[in-house]
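Residue numbers (our numbering): 87 to 169. We put the beta carbon where it would ideally sit given N, CA and C, even for glycine. Remember, it's a predicted structure, so these values are computed and weren't measured experimentally.
Below, the structure written as structure tokens:
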């Protein structure tokens, strides 16, 4: 068993093009993350510490609620069946 190599199920080109499709989402998300504090502090006039605190509180709340929503979503049964 030591001499057996596991073959990848997908070729490199398939993996590459699946990843290539998410480039636009990455550009949008990184652009938003880069400019959000600038907009809050410079455009809206919010002190930088308040903008940072607000974003941190939102991220902590998101880290708590995402697993809970996923847990309930995975166990949801409706009249149309499972999701």
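Nearest C-alpha to residue 127 among 147, 137, 120, 118: 137.
Partner residues in the beta bridge of residue 167, as assigned by DSSP, are 164. Distances from the CA of residue 142 to each of 123, 155, 160 were compared; the closest alpha carbon is that of 123.
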